[in-house]
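Per this note's numbering, the sequence shown starts with residue 8, numbered consecutively.
All C-beta atoms, glycine included, are put in the ideal place defined by N, C-alpha and C.
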Amino acid sequence: MEKRTVPRHIGIIMDGNGRWAEKRGLPRFEGHKMGAARVREIVKTAKEIGIEILSLYVFSLENWMRPEDEINIIMDLFEANLKEEFLNFLKGDIRFKVIGNKDRLSKNIRETIEAIEKMTEDNSSFILQCALSYGGRDEIVRAVQRAVSLKLKPEEITEERINELLDTRGAPNPDLIIRTSGEQRLSNFLLWQSAYSELYFTSTLWPDFTKEEFMDAIHEYQKRDRRFGGIIRELSMQGGGVLGV
8 MEKRTVPRHI GIIMDGNGRW AEKRGLPRFE GHKMGAARVR EIVKTAKEIG
58 IEILSLYVFS LENWMRPEDE INIIMDLFEA NLKEEFLNFL KGDIRFKVIG
108 NKDRLSKNIR ETIEAIEKMT EDNSSFILQC ALSYGGRDEI VRAVQRAVSL
158 KLKPEEITEE RINELLDTRG APNPDLIIRT SGEQRLSNFL LWQSAYSELY
208 FTSTLWPDFT KEEFMDAIHE YQKRDRRFGG IIRELSMQGG GVLGV
């Protein structure tokens with residue numbers, strides 16, 4: 008069976024938790040609980056097949072406009088799951104990282120994030136990157152603000168320099184971005200980094216997004232020729248491990 012390269016970096020817009028619950032006559036928080044359980048399965052699968060980085064869109068800046076009760080449930084669930092998974096991060100050599108505007112997060116959540124980031128920073132076999140209180144435009148604005156604070160000259164502001172000022176500095180750009188729930192837009196997720204990402208949209212709501220469909224998305228990615236504005240590039244230049252298809 009032919010082996011083809013898997014993406015090094017996959018981003019997922021995990022959409023549809025609330026609708027999943029509403030379709031079943033359940034409170035919206037039940038959808039968020041099921042969504043959190045789905046994360047564990049997808050992280051495990053991604054690591055097993057050789058993906059290096061998985062970026063999950065957990066909570067956008069726009070999500071702060073949701074009802075306060077729902078926001079509190081999402082944040083409490085995130086913090087509880089993070090503490091619960093911490094030992095798995097250590098055992099599995101997983102580095103945990105949060106990107107986004109952390110100023111709006113509670114002190115408790117910020118301290119939990121910082122502690123786990125610090126304790127896993129030397130882990131190297133897999134990176135789990137969570138976009139929390141995140142917006143792509145906001146990230147770019149904050150990068151520009153950093154450039155101003157560093158008093159960079161105009162000629163010093165290059166694409167490479169901006170990359171170093173973003174929340175995702177040091178990480179390769181996502182090869183593939185997956186969005187669940189039927190919406191077909193990026194919704195302010197990794198705008199700078201996704202310039203040449205392959206996009207995969209599915210109508211499946213996030214709590215129903217199985218590892219089998221995750222593999223289907225990767226197989227679809229493997230069928231595409233990634234030219235990056237040129238004639239053609241070898242797929243192997245962009246990927247990490249290998250996957251039988």
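Can you tell me the Cα-Cα spacing of Asp22 and Arg186, whole angstroms?
7 angstroms
Glu163 versus Glu171: straight-line alpha-carbon distance, rounded
12 angstroms
Leu89 - DSSP class collapsed to helix/strand/coil
helix
Going by DSSP in three states, Lys230 sits in which element: helix, strand or coil?
coil
Since Pro214 contacts Gly32 with CB under 8 angstroms, what's their CB separation in whole angstroms?
The Cβ separation is near 15 angstroms, so there is no contact.
With a floor of 3 residues, list each beta strand (DSSP E) that falls wholly inside the region 25-105, ordered by position along the chain.
60-67
Meets three-Cβ-pair contact criterion under 8 angstroms: the region 13-29 and the region 181-198
yes
I believe Ile60 touches Ile134 by the beta-carbon criterion, under 8 angstroms. Please report the beta-carbon distance rounded to the nearest angstrom.
4 angstroms
Buried or exposed for Val65, going by 16 or more other Cβ atoms inside 10 Å?
buried
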